[in-house]
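Asker: Numbered per the numbering used here, the sequence shown spans residues 177 to 461.
C-beta atoms are modelled at their ideal positions from N, C-alpha and C, and glycine is treated no differently.
Questions regarding the structure given below will be posed in turn.
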Amino acid sequence: MSVPHSGAGGADATGAEGRGAVIGVFDSGLGGLSVLRAIRSHLPQADLLYVADSGHAPYGEKSDEFIGERSEHICRFLMSQGAEVVVVACNTATAAAVHHLRQRWPELPVVGVEPGVKPAVAQSHNQRIGVLATPFTLQSEKFRTLLERHGGQAHIVLQPCPGLAREIEQGELDSAALRELVRQFSQPLTDAGVDTAVLGCTHYPFVAPLFQQALGDGVRIIDTAEAVARQTVRLVRDLPANHPARTGASTGGVRLWSSADPAHLAQVAHAWLGLKTQAGALPKE
Ligand code: DGL
Numbered sequence: 177m178s179v180p181h182s183g184a185g186g187a188d189a190t191g192a193e194g195r196g197a198v199i200g201v202f203d204s205g206l207g208g209l210s211v212l213r214a215i216r217s218h219l220p221q222a223d224l225l226y227v228a229d230s231g232h233a234p235y236g237e238k239s240d241e242f243i244g245e246r247s248e249h250i251c252r253f254l255m256s257q258g259a260e261v262v263v264v265a266c267n268t269a270t271a272a273a274v275h276h277l278r279q280r281w282p283e284l285p286v287v288g289v290e291p292g293v294k295p296a297v298a299q300s301h302n303q304r305i306g307v308l309a310t311p312f313t314l315q316s317e318k319f320r321t322l323l324e325r326h327g328g329q330a331h332i333v334l335q336p337c338p339g340l341a342r343e344i345e346q347g348e349l350d351s352a353a354l355r356e357l358v359r360q361f362s363q364p365l366t367d368a369g370v371d372t373a374v375l376g377c378t379h380y381p382f383v384a385p386l387f388q389q390a391l392g393d394g395v396r397i398i399d400t401a402e403a404v405a406r407q408t409v410r411l412v413r414d415l416p417a418n419h420p421a422r423t424g425a426s427t428g429g430v431r432l433w434s435s436a437d438p439a440h441l442a443q444v445a446h447a448w449l450g451l452k453t454q455a456g457a458l459p460k461e
């Protein structure tokens, strides 16, 4: 299937950032667009392929097996479209499936996303931190390990946000329903006196202004999209110059696919990222 490209343009390309590559990015839905945006600004020459599995969102309230199967299906599709690197732009899918994807395709560089506990501990003054994420992420083994390794002595409030990613999927970032959910999930962090809040789901950066308003200006908000983009740059730098999957020179275009309504994905990508790109339907098999 071919979907028209949209040029990245604008960003300055030097060194590895100027190198072409085909990068596949996926999420349970629209949230991974926050990661795509960061990758695009770091690697303006790269061809970016984005899959929104909105037909199966939210992942955060699903099982390990289900998320594992979806991730494998999407990863295979991205590789069939020429992806040389895959970015799992979803904290939940990373917790559930990144290990499996790396075992399944040992030669494929795979970048995962995890809540920014480490930078939060480094930047918090009072060592009182809140982590906002999906129920799945907060209950996962991977997240427990992350807390043990990087949580230090901080008092960390874990706040699951069921329903929030689903509401953001609607594409309307200032609705009364969204404001109410954000208010509700911010309250326990305020009560605990946190000075740092981690957005542990890639959907949440799109409502960062609502969180900032609910938490107050004194609370620092941490999002890991930039760190993920920098890690992607490092992996791209290490790719072989003539990857067998590369069919031509990269042009800095973006292609989009959705397992729900491709027109909705295209419309949101335009509204949130300024992308002028049509979207295709993700094949079922
Ligand atoms: N965007 C996803 C994440 O980073 C998950 C949202 C969901 O599907 O529950 O965790």
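Using a threshold of 8 Å, state whether the C-beta atoms of C377 and N267 are closer than that.
Answerer: Closer than 8 Å, so yes.
Asker: So is K238 buried or exposed if we call it buried at 16+ other beta carbons inside 10 Å?
Answerer: With 16 or more Cβ atoms within 10 Å of its Cβ, K238 is classed as buried.
Asker: Can you check which of these residues, Q257, G244, L225, is closest to Q279 by C-alpha distance?
Answerer: Selected option, being the one with the closest Cα: G244.
Asker: Comparing alpha-carbon positions, which option in A222, G347, D203 lies nearest A272?
Answerer: Minimum Cα distance to A272 is reached at D203.
Asker: Could you tell me the boundaries of the beta strand (DSSP E) in which A309 lies?
Answerer: 304-309 is the extent of the beta strand (DSSP E) around A309.
Asker: Using 8 Å for Cβ pairs, my map puts V211 next to A265. What's the rounded Cβ distance?
Answerer: Indeed they touch by this definition, with Cβ atoms about 4 Å apart.
Asker: Hey, could you find the ends of the beta strand (DSSP E) W433 is sitting in?
Answerer: Note, W433: beta strand (DSSP E), 430-434.
Asker: According to the neighbour-count rule (16 or more other Cβ atoms, all chains shown, within 10 Å of its Cβ), is S300 buried or exposed?
Answerer: The residue is buried, with at least 16 neighbouring Cβ atoms inside 10 Å.
Asker: Report the residue from Q335, Q389, L284 whose alpha carbon sits nearest the alpha carbon of L415.
Answerer: Answer by Cα proximity: L284.
Asker: Does the separation of the CB atoms of I398 and V430 fall below 8 Å?
Answerer: Contact flag unset, no.
Asker: DSSP three-state call for D203: helix, strand or coil?
Answerer: Note: D203 maps to strand in three-state DSSP.
Asker: For A222 and V404, which I take to be in contact (beta-carbon distance under 8 Å), what is that distance rounded to the nearest angstrom?
Answerer: Their Cβ separation, rounded to whole angstroms, is 14 Å, which puts A222 and V404 out of contact at 8 Å.
Asker: If you measure from the CB of H275, is any heavy atom of the ligand DGL nearer than 7 Å?
Answerer: No, the Cβ of H275 stays beyond 7 Å of every heavy atom of the ligand DGL.
Asker: Following a CB-centred definition, is C266 positioned closer than 7 Å to any heavy atom of the ligand DGL?
Answerer: Yes, Cβ of C266 sits closer than 7 Å to a heavy atom of the ligand DGL.
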